[in-house]
Amino acid sequence: MKAVILLLFLNACMLSNEQHLLEECSKQKERSYRYMIPILERFAPNVDSSDSGRVYVINTELVDRKCKSEAKNSRYQLRTN
12 MKAVILLLFL NACMLSNEQH LLEECSKQKE RSYRYMIPIL ERFAPNVDSS
62 DSGRVYVINT ELVDRKCKSE AKNSRYQLRT N
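Here the sequence shown is numbered in the working numbering, starting from 12 and rising by one per residue.
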């Protein structure tokens with residue numbers, strides 16, 4: 012049992028930042044869609060809501076694409092825990 016835990020610990024230490032950063036990117040994108048679109052729809056009455064939502068979605072997708080590319084660039088950089 013101790014050997015399995017030790018192997019899992021060593022495997023986790025050897026992971027690159029890529030997997031961790033990709034998880035963070037997906038969480039960030041999910042939070043963006045879950046919380047910000049309803050806020051835009053509710054508190055932007057003087058702006059056309061369809062335009063503001065569309066612009067926000069485009070910006071969110073661009074940020075997500077940039078985040079994923081940075082994660083892939085850090086594939087071979089090991090964690091420094």
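Note that CB positions come from ideal geometry on N, CA and C, so glycine has one too.
Since we're looking at a predicted model, the values are computed, not measured.
- Taking a C-beta distance under 9 Å as the contact criterion, V68 and I48 qualify as a contact pair.
- DSSP places S43 within a helical segment (H, G or I) once states are collapsed to three.
- For the pair K83 and H31, the Cα-to-Cα distance works out to about 11 Å.
- Within its own chain, the residues whose Cβ lies closer than 8 Å to the Cβ of G64, once the five positions on either side in sequence are excluded, are I48, L51 and E52, listed in chain order.
- In this structure, K79 sits near L33, with a CB-CB distance shorter than 9 Å.
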